[in-house]
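**Q** For the sequence shown, this note's numbering assigns the number 1 to the initial residue and increments by one for each residue that follows.
Just so you know, even glycine gets a beta-carbon here, dropped at the ideal spot from N, CA and C.
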Amino acid sequence: MADLLSDEEIAERAPDDWDHEGDELVRTYEFDAYLAGVGFAAGIAGIAEEAYHHPEIVIGWREVEVHLTSHEEGGITEKDVDLAARFDDVA
1 MADLLSDEEI AERAPDDWDH EGDELVRTYE FDAYLAGVGF AAGIAGIAEE AYHHPEIVIG
61 WREVEVHLTS HEEGGITEKD VDLAARFDDV A
């Protein structure tokens, strides 16, 4: 089991543009076209599957909302922060 991060650790380690909402890291990415968002979602889904750490991904018109949490631990861990940074690299 991974250790939960404190609120202070989350604030220090979470990438810019990610919000800390309850027990999740949340970010909405915006795109110029719907299919660009769908492609982004597919790309981060592959990264998440490789890491065996699965976020909630909501695809909307020209935006993709991502929620990261470690369900087994009941909150945010280093795995969530790491995936957030990897997703930002894709965007």
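#1: Pull up the DSSP beta-bridge partners for H54, would you.
#2: By alpha-carbon positions, which one of D89, D80, A91 and V90 ends up nearest to D19?
#3: Using the Cα positions of I10 and I59, report the straight-line distance between them to the nearest angstrom.
#4: Determine which residues share a DSSP beta bridge with H67 and list them.
#5: Please report the Cβ distance between T28 and E63, rounded to the nearest whole angstrom; I am assuming they are in contact, meaning their Cβ atoms lie under 8 Å.
#6: Looking at the strands, I want to know which residues DSSP matches up with L83.
**A** Here's the rundown:
#1: Its beta-bridge partners do not exist; DSSP assigns none.
#2: D80
#3: Going by the C-alpha atoms only, they are around 25 Å apart.
#4: V26 and E56
#5: About 5 Å; that satisfies the 8 Å criterion.
#6: Answer is none; L83 lacks a bridge partner.
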